[in-house]
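Numbering (the UniProt record's numbering), first residue to last: 1 to 82.
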Amino acid sequence: MRARSLRSYRFANQCEIGPFVVDHVCAEHALVVDLTRPATEAQARAKFLESLGYRIVIVSRRELYHRPDAVLLKLRRLLQGG
């Protein structure tokens, strides 16, 4: 997560949380940002991460490529408590 608008938030990349590796996590705000995963894996991951208090944002590679500003806006809102 290198966008200038997110620099004030600390994100770890490829971070282990329990038995899963998440793409990006902001531990301070309990926010996981993951690229799209197969549905069978996503359900188990989501249930486990939510049980630990994490909010999960799933972003498709297509959305990230074609609408990066919309993705950043969504993340900023979540990080700011909205």
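Even glycine gets a Cβ: it sits at the ideal position worked out from N, Cα and C.
Predicted model only: the values in this text are computed from it and were never measured.
**Request:** Name, in chain order, the residues that DSSP records as bridge partners for R55.
**Result:** Within the sequence shown, residue 55 is the residue found at index 55, counting from 1. Note: R55 sits in a beta bridge opposite L31.
**Message:** Quick check on DSSP: helix, strand or coil for F11?
**Reply:** The count along the sequence shown starts at 1 and reaches residue 11 at position 11. Looking at F11 - three-state DSSP - the assignment turns out to be coil, as it is neither helix nor strand.
**Message:** Going by DSSP, what residue range makes up the alpha helix (DSSP H) through R61?
**Reply:** The count along the sequence shown starts at 1 and reaches residue 61 at position 61. Here the alpha helix (DSSP H) through R61 covers R61 to H66.
**Asked** If we ignore side chains and look at the alpha-carbon of each, how far apart do A70 and V59 end up?
**Response** The residue labelled residue 70 in the question sits at position 70 within the sequence shown. The residue labelled residue 59 in the question sits at position 59 within the sequence shown. Each residue's alpha carbon lies about 11 Å from the other.
**Three or more C-beta pairs below 8 Å linking the stretch 35-54 and the stretch 70-81** = no
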